[in-house]
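Residue numbers (the numbering used here): -6 to 77.
All C-beta atoms in this analysis are idealised placements derived from N, C-alpha and C, irrespective of residue type, glycine included.
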């Protein structure tokens, strides 16, 4: 989460290289399954209306921050001409 927030701040300031450097520290391959499982469990809880059975691995706030970081990493790569 900290890297996602710091990367967003750097990107908003226009420091694309620094933002990309921060985003490179996020292991997307390791986080993606946790994000998927957290979203799935969140919607299962809503569907079943059971709040004690299954708890998400990550909060929706964390999921949102990490998804935004992935998006901003792609935008930073695009801005630097490294991604089409």
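Distance check for residue j and residue i, CA to CA, integer angstroms please.
| i | j | result |
| --- | --- | --- |
| residue 64 | residue 53 | 16 Å |
| residue 50 | residue 4 | 28 Å |
| residue 34 | residue 10 | 35 Å |
| residue 68 | residue 26 | 22 Å |
| residue 37 | residue 66 | 30 Å |
| residue 31 | residue 56 | 8 Å |
Counting only the same chain and skipping the five closest in sequence on each side, list residues whose C-beta sits under 8 Å from that of residue i.
| i | result |
| --- | --- |
| residue 23 | none |
| residue 62 | -4, -3, 0, 1, 16 and 19 |
To the nearest whole angstrom, what separates the beta carbons of residue i and residue j, a pair I think is in contact under 8 Å?
| i | j | result |
| --- | --- | --- |
| residue 59 | residue 13 | Contact doesn't hold; Cβ gap of about 16 Å is too wide. |
Might you give, ordered along the chain, the residues of its own chain that have their beta carbon closer than 7 Å to the beta carbon of residue i, omitting 5 neighbours on each side?
| i | result |
| --- | --- |
| residue 72 | 9 |
| residue 21 | 63 |
| residue 76 | 67 and 70 |
8 Å is my cut-off, CB to CB: does residue i come that close to chain C?
| i | result |
| --- | --- |
| residue 53 | Included in the structure is just one protein chain, with no chain C present. |
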